[in-house]
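Below is one structure, written out as structure tokens; the observations come after it.
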């Protein structure tokens, strides 16, 4: 667990997504024999430059395995699971690529509405889409219309 | 901090109009569905050219509405005069059922503040187009089929502001004079398709029309320029060059054994 936490501090995104059983990509990396990767990363911990970059590449390769896992899950027959994974993927990309996140949320919303009839998940996806607009405004530091401003508490 | 004593980050948490936003998304999705159902009726009673024009008109109206909503979603008006200009099929009214959107933005001054404003405006517009439920998402780099079929969406291979193109990022948000400069031979030689689209397939969509008129004047000024001592204008030389390249690309290929190769060289 300590290894996982250490890696998570270096590559936070690896711990931000969980499957339906609550397992993270790193849990999978460990299970499928990624001890070498983790050891290399530990060796490089605290250093900068080529070693760290190399270790980072290894961890990214493990993340690609996670993508494969998600790919299988997307093809799952469990309808609720497919929508949940798309929503999780959207969360994963929300910071780095909000428009990709929007596409993923839209897929989740579309599937929940038109394919599986899951109103709860559809509401969840729509809520996230609405949040995205505010997120974009905040990212650029530009004020949106119809926003009530709050005075900061100053000490 | 956007105003003295106020935090914008704190303020977004108290947005009160999420129900209204959701209603707006649903309304636009319904409008696209109406266009799709109307398309079938049009195809049954009109010729292809009329159908294309009808479709372009409908898409343009919707696009105009989306741009208007985006501009109004800002608390402050744009920092300068601007005009949205549609490009490609939408501008030439040759819209197909896939309905891809490409456009550029003319501004009367170009500064960091202006670019940041329109970068956000383009992203918000993109978000609203994605919300129409017609932008496909290649889940996991195409390893899984998109649940949404591709339809009315941004043209990811065409002209969109700030898109990464073959020769670096295309900004396509600039003053009329500077965007008209993309007709100069140095740019034409690099990306002829872009120059052609920006010259021939551009139509005013939203904002100050005077900027678009200024753009047309600048473009015509460059294209009507005579080359050196020759009396041939740049646009004429360009047309001949284009015809030559097309004639070469589509040249017939006659072989001794006709079944060995294709008769016509098809570009891929």
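Protein chains in written order, with our numbering: chain A, 553 to 707; chain B, 5 to 272.
Glycine residues also receive a C-beta, built at the ideal position from the N, C-alpha and C atoms.
- In the three-state reduction of the DSSP assignment, residue 256 of chain B falls in the strand class.
- A direct Cα-to-Cα measurement between residue 253 of chain B and residue 196 of chain B gives close to 15 Å.
- Taking 8 Å as the upper bound for CB-CB distance, residue 89 of chain B and residue 103 of chain B are not in contact here, some 18 Å apart.
- Taking the Cβ atoms as the reference, residue 209 of chain B lies roughly 7 Å from residue 64 of chain B, within the contact range of under 8 Å.
- In the displayed model, residue 692 of chain A falls within a helix according to three-state DSSP.
- Around the beta carbon of residue 129 of chain B, a 10 Å sphere encloses 16 or more other beta carbons of the protein chains shown; the residue is thus reported as buried.
- For residue 157 of chain B, the three-state secondary structure derived from DSSP is strand.
- Beta-bridge pairing by DSSP links residue 230 of chain B to B:237.
- Of all alpha-carbon atoms in A:693, A:674, A:687 and A:690, the one lying nearest the alpha-carbon of residue 137 of chain B is that of A:674.
- Listed along chain B are 76, 77, 78 and 79, each with a C-beta nearer than 8 Å to that of residue 697 of chain A.
- Annotation: residue 108 of chain B is outside any alpha helix (DSSP H); the continuous beta strand (DSSP E) that includes it extends over 104-111.
- Spanning the alpha carbons of residue 85 of chain B and residue 664 of chain A requires a straight line of approximately 42 Å.
- In the three-state reduction of the DSSP assignment, residue 51 of chain B falls in the coil class.
- For residue 186 of chain B, no beta strand (DSSP E) segment is defined, and its DSSP state is neither H nor E.
- Neighbours of residue 137 of chain B in chain A, taken as residues at a C-beta separation under 8 Å, are given in chain order as 658, 661 and 662.
- For residue 150 of chain B, the residues of chain A that pass the 8 Å Cβ criterion are 659, in the order they occur in the chain.
- Annotation: the continuous alpha helix (DSSP H) that includes residue 653 of chain A extends over 650-662.
- Between residue 651 of chain A and residue 642 of chain A, the C-beta spacing is not below 8 Å.
- In terms of beta-carbon proximity, residue 685 of chain A lines the interface with chain B, with at least one pair separated by less than 8 Å.
- Look at residue 176 of chain B here: in three-state DSSP terms it is coil, with no helix or strand label.
- For the segment 630-658 of chain A, the set of positions with a beta-carbon nearer than 8 Å to some beta-carbon of chain B reads 638, 641, 650, 651, 652, 654, 655, 656 and 658 in chain order.
- Residue 32 of chain B is positioned such that its CB atom lies no closer than 8 Å to that of residue 678 of chain A.
- Residue environment analysis places residue 30 of chain B among the exposed positions, since fewer than 16 neighbouring C-beta atoms fall within 10 angstroms of its C-beta.
- In this structure, DSSP gives residue 697 of chain A a state outside helix and strand, which the three-state scheme calls coil.
- Across the structure, residue 191 of chain B and residue 60 of chain B are spaced so that their CA atoms are roughly 29 Å apart.
- For residue 209 of chain B, the uninterrupted beta strand (DSSP E) run begins and ends at 206-211, by DSSP.
- Proximity of residue 688 of chain A to chain B, defined by a Cβ-Cβ separation below 8 Å, is satisfied.
- If you look at residue 91 of chain B, you'll find it in the beta strand (DSSP E) that goes 86-91.
- Using beta-carbon distances, residue 681 of chain A counts as an interface residue toward chain B, with a partner under 8 Å.
- One alpha carbon belongs to residue 697 of chain A, the other to residue 234 of chain B, and they sit about 56 Å apart.
- Excluding five sequence positions before and after residue 223 of chain B, the CB atoms of its chain that fall closer than 6 Å to its own CB belong to 184, 187 and 203, given in chain order.
- Against chain A, the CB of residue 134 of chain B has a partner CB under 8 Å away; the residue lies at that interface.
- If you draw a straight line from the Cα of residue 134 of chain B to the Cα of residue 157 of chain B, it comes to about 7 Å.
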